[in-house]
Amino acid sequence: MNLSSPIGIFDSGIGGLSVARAVRERLPGEDILYVADSCHAPYGDKADDFIRDRMHAITEVLLSRGAKAVVVACNTATTAAIAQLRDSYAIPIIGVEPGVKPAVESTRSGVVGVLATPRTLQTHSFESLAARFSSNVKLLVQPCPRLVHQIEALDFDSVITHDLLQEYVSPLLAEGSDTIVLGCTHYHFLAEQIAAVAGPDVTIISTQQAVAREVARRLEQHGLLAAGDREGLAGFVSTGDQARFRTQVDTLWGEGGMIYPFS
């Protein structure tokens with residue numbers, strides 16, 4: 001491992017590309033190696049033991065390619081197993097969690113809505129997060145079981161997606177939410193559509209920038225920041241269909257990213 005070693009970032013699919021983009025903007029000199037475990041997406045309907053096994057397998061692949069830090073860019077995976085991952089590896093391991101704290105700080109109505117996968121909302125980690133920050137506000141949770149599928153299909157603007165957003169967002173608005181938390185990294189790619197459904201008076205909270213700041217802080221803390229005069233490279237790996245992944249990367253990241261086999 002050296003200062004030019006890559007930052008490893010992974011998710012069950014393409015949602016974590018939103019985090020990877022924020023890391024690239026914050027740390028343009030860092031190499032990034034992104035893994036989408038698309039063959040097993042979504043993690044939201046998988047058992048914790050299965051998710052832990054996948055996290056360890058992917059981390060081993062990232063370490064074999066020299067990763068100096070690993071970002072678990074998936075809310076479900078973070079809640080399921082990040083503690084075990086940190087116990088197993090000496091490198092910095094950074095997770096993600098729904099932005100309940102900034103939402104509580106920004107709400108004016110005292111009502112905050114959270115959009116997330118059913119699995120994330122059922123975890124002890126989320127319950128603890130909610131209890132820690134929401135004692136003075138009304139916190140509404142809305143499971144969104146079908147949104148990840150739409151995003152993986154790059155289906156952002158269809159009638160089906162719009163109807164799903166209406167179904168998921170409208171109950172929060174009816175209860176007075178003026179702040180909505182995007183509790184899944186996939187949902188960032190629908191932030192504009194969610195904002196359009198919610199209206200101009202509703203604040204949308206996403207945590208990609210906060211995660212990128214934490215990555216920068218941890219790398220600096222461990223003396224692992226790359227030299228500032230270099231341009232970082234980006235590589236992408238998927239356990240699923242390679243042609244589909246190429247299209248997803250070109251659409252959400254831009255052309256030019258190198259696609260590598262998972263091995």
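Residue numbers (full-length UniProt numbering): 1 to 263. For each residue, glycine too, the CB sits at the ideal point set by N, CA and C. Source: prediction; values computed, not measured.
Residues bridged to residue i (per DSSP)
{"i": "Met258", "result": "Gly235"}
{"i": "Ile7", "result": "Ile32 and Ala69"}
{"i": "Pro143", "result": "Ala116"}
{"i": "Thr203", "result": "Thr179"}
{"i": "Lys138", "result": "Val111"}
Distance between residue j and residue i (C-alpha atoms, nearest Å)
{"i": "Arg21", "j": "Pro143", "result": "26 Å"}
{"i": "Thr203", "j": "Ala83", "result": "31 Å"}
{"i": "Val148", "j": "Tyr187", "result": "8 Å"}
{"i": "Gly228", "j": "Gly256", "result": "22 Å"}
{"i": "Val96", "j": "Gln242", "result": "26 Å"}
{"i": "Val137", "j": "Asn2", "result": "46 Å"}
{"i": "Arg213", "j": "His40", "result": "29 Å"}
{"i": "Val169", "j": "Val197", "result": "7 Å"}
{"i": "Thr120", "j": "Thr79", "result": "7 Å"}
Cβ-Cβ distance between residue i and residue j below 8 Å
{"i": "Ile9", "j": "Tyr34", "result": "yes"}
{"i": "Arg230", "j": "Gly29", "result": "yes"}
{"i": "Val181", "j": "Ile7", "result": "no"}
{"i": "Gly183", "j": "Val104", "result": "no"}
Integer Cβ distance of residue i from residue j, believed to fall under 8 Å
{"i": "Gly232", "j": "Arg24", "result": "7 Å"}
{"i": "Val71", "j": "Ile94", "result": "5 Å"}
{"i": "Thr107", "j": "Thr76", "result": "With 8 Å as the limit, Thr107 and Thr76 do not qualify as a contact, their Cβ atoms being about 25 Å apart."}
{"i": "Val112", "j": "Leu140", "result": "7 Å"}
{"i": "Ala67", "j": "Ser5", "result": "6 Å"}
heavy atom of the ligand NAP below 7 Å from residue i C-beta
{"i": "Leu115", "result": "In the structure on display, the ligand NAP does not appear, and there are no ligands present to speak of."}
Threshold first: 3 residues or longer. Then list the beta strand (DSSP E) segments lying entirely within the stretch 165-196, N to C. 179-182
To test your reading of the DSSP string, which unbroken alpha helix (DSSP H) runs of 4 or more residues are found completely within the stretch 54-98? 75-88
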